[in-house]
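Peer 1: For the sequence shown, full-length UniProt numbering gives the first residue as 1, with consecutive numbering after it. We put the CB at the ideal spot given by N, CA and C, even for glycine.
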Amino acid sequence: MTAELATIIDFIRYGASRFSAAGLTFGHSHDNPIDEATHLVLASLHLPPDIPPAYGAGRLTGEERERVLGLIERRVNERLPVAYLVGETWFAGLKFKSDRRALVPRSPIAELIESGFAPWLDGRHVERALDLCTGSGCIGIAMAEYNPEWRVDIVDISDEALSLARENIVFQHVEGRVDAVKSDLFDGLKGRRYDLIVSNPPYVTEGEYAALPGEYSHEPKLGLTSGEDGLDICLRMLDQAADHLTEDGLLIVEVGESEHALAALLPQVPFVWIEFKVGPMGVFALERRDLVKHAAAIRAAAAARH
């Protein structure tokens, strides 16, 4: 049957049909089988995602056909995310290397980066920024790409994630402006202070992790889970962040579905839950002054974890 497939469009259509029939989960950069198949086919052919539509009629060579069909079958049979199959993905309009060393980039924080963090940074001067729990490095590197005047530190506790992040620093040619640091949250950042701290930390609960589709089992669990309510790491971050923010510094953190648990745990803290184009996504902004004002409540909540 596949002998009838000839063009790029043919293989995208075929891949999308296979993915739909197999009941795959789409949660790694894409939310539908057509975009998933498009990513797989174009990346495997070394073509950009914004290729002009006319190229869709281009015919594949025999070698290309075998490679694309093989990847489609692996996506179905092994439930591997497409980014891992083709070794690359896109975040905030930039291409990044992607493999099992770190989560597939997919944070809504990309939208904030592309919009210049408006209105959150309006009128603020930013010299130094931090991407905490960086994984592949996508958030911090994208911040540096969109803001050439910033110096950005990207931090993770995982040696494997940092090795991928360092490859992405070179891949995006930001070696002089982005520094990768191994640290358990702020432990390795003594004396460093930032105008902006951004983080997409692990926030999946143990119960949620147990119920995740097979695609997520290929990602490092260290980058996903954070205790029974998903807030263990976030609370440690909140407890320590004020010491690493400048006087008018801002903290932006993604906690996903753990938003409700965090709001209930610290009702006195004025988290500002950011609205995205698709609606709320569990990302909050918090001023340093509010971290200081509510430090006792935050510290108590963090200490209760131990």
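I'd like to know if the stretch 136–155 and the stretch 174–184 are in contact, where contact means that at least 3 CB-CB pairs between them fall below 8 Å.
Peer 2: Segments in contact, yes.
Peer 1: Going by the beta-carbon positions, is the gap between F276 and P108 smaller than 7 Å?
Peer 2: On the sequence shown, residue 276 is found 276 positions in, with the first residue counted as 1. On the sequence shown, residue 108 is found 108 positions in, with the first residue counted as 1. In this structure, P108 lies closer than 7 Å to F276 by Cβ.
Peer 1: Let me know the alpha helix (DSSP H) ranges lying completely inside the stretch 153–178, each 4 residues or longer, listed in chain order.
Peer 2: Entirely contained in the stretch 153–178, the alpha helix (DSSP H) runs reaching 4 residues are, in chain order, 159–171.
Peer 1: How long is the line joining the alpha carbons of T25 and P33, rounded to whole angstroms?
Peer 2: Walking along the sequence shown from the start, residue 25 turns up at place 25. Walking along the sequence shown from the start, residue 33 turns up at place 33. Roughly 9 Å separates the two Cα atoms.
Peer 1: So, using beta-carbon positions, are S183 and V155 closer together than 7 Å?
Peer 2: Translated into positions along the sequence shown, residue 183 becomes position 183. Translated into positions along the sequence shown, residue 155 becomes position 155. Yes, they are a contact pair.
Peer 1: If we call anything under 7 Å between Cβ atoms a contact, is I298 one with L250?
Peer 2: Taking the first residue of the sequence shown as 1, we reach residue 298 at position 298. Taking the first residue of the sequence shown as 1, we reach residue 250 at position 250. No.
Peer 1: Mark D248 as exposed unless 16 or more other C-beta atoms lie within 10 angstroms of its C-beta, in which case mark it buried.
Peer 2: Sequence index remark: in the sequence shown, residue 248 carries index 248 (1-based). That one is exposed.
Peer 1: Going by the DSSP bridge assignment, what does W273 pair with across the sheet?
Peer 2: Here residue 273 refers to the residue found at position 273 of the sequence shown. BP columns for W273 point to F284.
Peer 1: Can you check whether the C-beta of A54 is within less than 7 Å of a C-beta belonging to chain D?
Peer 2: Here chain D cannot be found, since the structure has a single protein chain.
Peer 1: What does DSSP give as the partner residues of G191 in its beta bridges?
Peer 2: The count along the sequence shown starts at 1 and reaches residue 191 at position 191. None, per the DSSP bridge assignment.
Peer 1: So what's T2 in DSSP terms, helix, strand or just coil?
Peer 2: Stepping through the sequence shown from its first residue, residue 2 is reached at position 2. In the structure shown, T2 sits in a helix (DSSP, three-state: H, G or I).
Peer 1: With respect to 6 Å, is the separation between the Cβ of E275 and the closest non-hydrogen atom of the ligand ADP below this value?
Peer 2: Among the components modelled here there is no ligand, and therefore nothing to report on the ligand ADP.
Peer 1: The beta strand (DSSP E) that contains L251, what's its start and end?
Peer 2: Working through the sequence shown from its first residue, we reach residue 251 at position 251. Taken as a continuous stretch (DSSP letters only), the beta strand (DSSP E) holding L251 covers L245 to E254.
Peer 1: Nearest CA to the CA of H244: which residue from S163, A102 and L132?
Peer 2: Position 244 of the sequence shown holds residue 244. When each option's Cα is compared against that of H244, the closest is L132.
Peer 1: Indicate the three-state DSSP secondary structure (helix, strand or coil) for S199 in the structure shown.
Peer 2: One-based indexing of the sequence shown puts residue 199 at position 199. Of the three classes helix, strand and coil, the one that applies to S199 here is strand, per DSSP.
Peer 1: Please report the straight-line C-alpha distance between P270 and H125, rounded to a whole angstrom.
Peer 2: Residue numbering aside, residue 270 sits at position 270 when the sequence shown is read from its first letter. Residue numbering aside, residue 125 sits at position 125 when the sequence shown is read from its first letter. Answer to the nearest angstrom: the Cα atoms are 23 Å apart.
Peer 1: Would you kindly report the start and end of the unbroken beta strand (DSSP E) that includes R128?
Peer 2: Translated into the one-based positions of the sequence shown, residue 128 becomes position 128. From DSSP, the beta strand (DSSP E) with R128 extends over R128 to L132.
Peer 1: Who are the near neighbours of H30 in its chain, counting only those whose CB is closer than 8 Å to its CB and skipping five residues on each side?
Peer 2: Reading the sequence shown from its first residue, position 30 is the one you call residue 30. The residues are E36, H39 and V82.
Peer 1: H218 and L85 - do their beta-carbons sit closer together than 7 Å?
Peer 2: In the sequence shown, the residue the question calls residue 85 occupies position 85. In the sequence shown, the residue the question calls residue 218 occupies position 218. No, these two residues do not count as a Cβ contact at 7 Å.
Peer 1: By Cβ distance, which residues of its chain are closer than 7 Å to R236, with the 5 residues on each side in sequence left out?
Peer 2: Taking the first residue of the sequence shown as position 1, residue 236 is located at position 236. Closer than 7 Å at Cβ, skipping near neighbours: L185 and A302.
Peer 1: Using the beta-carbon count (16 or more within 10 Å), is E63 buried or exposed?
Peer 2: Your numbering for residue 63 matches position 63 in the sequence shown. With fewer than 16 other Cβ atoms from the protein chains shown falling within 10 Å of its own Cβ, E63 counts as exposed.
Peer 1: Considering Cα atoms alone, identify which of P280, Q240, F284 and V272 is closest to A300.
Peer 2: The residue given as residue 300 occupies position 300 in the sequence shown. Minimum Cα-Cα distance from A300 among the listed residues P280, Q240, F284 and V272 corresponds to Q240.
Peer 1: Is the beta carbon of Y194 sitting closer than 7 Å to the one on L130?
Peer 2: Your numbering for residue 194 matches position 194 in the sequence shown. Your numbering for residue 130 matches position 130 in the sequence shown. In this structure, L130 lies closer than 7 Å to Y194 by Cβ.
Peer 1: Does V86 come out as helix, strand or coil in the three-state DSSP assignment?
Peer 2: Here residue 86 refers to the residue found at position 86 of the sequence shown. V86 falls in the helix class under three-state DSSP.
Peer 1: Under a three-way DSSP split, which group does V76 fall into?
Peer 2: Your numbering for residue 76 matches position 76 in the sequence shown. Residue state, collapsed to three classes: helix.
Peer 1: Which residues in the same chain as M281 place their Cβ atom closer than 8 Å to its Cβ, once the five residues preceding and following it in sequence are excluded?
Peer 2: Indexing the sequence shown from 1 puts residue 281 at position 281. Closer than 8 Å at the Cβ level, and outside the excluded window around M281, lie P108, E254, G256 and I274.
Peer 1: Suppose contacts are defined by Cβ-Cβ distances below 7 Å. Is I8 in contact with G87 by that definition?
Peer 2: Taking the sequence shown and counting its residues from 1, the one referred to as residue 8 is at position 8. Taking the sequence shown and counting its residues from 1, the one referred to as residue 87 is at position 87. Result no, Cβ atoms of I8 and G87 do not sit closer than 7 Å.
Peer 1: Is residue 347 near G15, with beta carbons less than 7 Å apart?
Peer 2: No answer is possible for residue 347: the residues shown for the chain start at 1 and end at 306.
Peer 1: Reducing DSSP to helix, strand and coil, say where L47 ends up.
Peer 2: Here residue 47 corresponds to residue number 47 of the sequence shown, with the count starting at 1. It is coil, neither helix nor strand.
Peer 1: Let me make sure I understand the geometry here. Which of A92, G135, G227 and T2 has the alpha-carbon closest to that of R100?
Peer 2: The sequence position of residue 100 within the sequence shown is 100, counting from 1. Comparing Cα positions, the closest option is G135.
Peer 1: Can you say whether R61 is buried or exposed, counting buried as having 16 or more other CB atoms within 10 angstroms of its CB?
Peer 2: Residue 61 sits at position 61 when you count from the first residue of the sequence shown. Looking at the sequence provided, one finds Thr at residue 61 rather than Arg. Exposed is the call here.
Peer 1: Return helix, strand or coil for F91, following the three-state DSSP convention.
Peer 2: Translated into positions along the sequence shown, residue 91 becomes position 91. It is a strand residue.
Peer 1: Within this structure, are the beta carbons of L222 and S158 separated by less than 7 Å?
Peer 2: Walking along the sequence shown from the start, residue 222 turns up at place 222. Walking along the sequence shown from the start, residue 158 turns up at place 158. For the pair L222 and S158, the CB atoms are nearer than the 7 Å cut-off.
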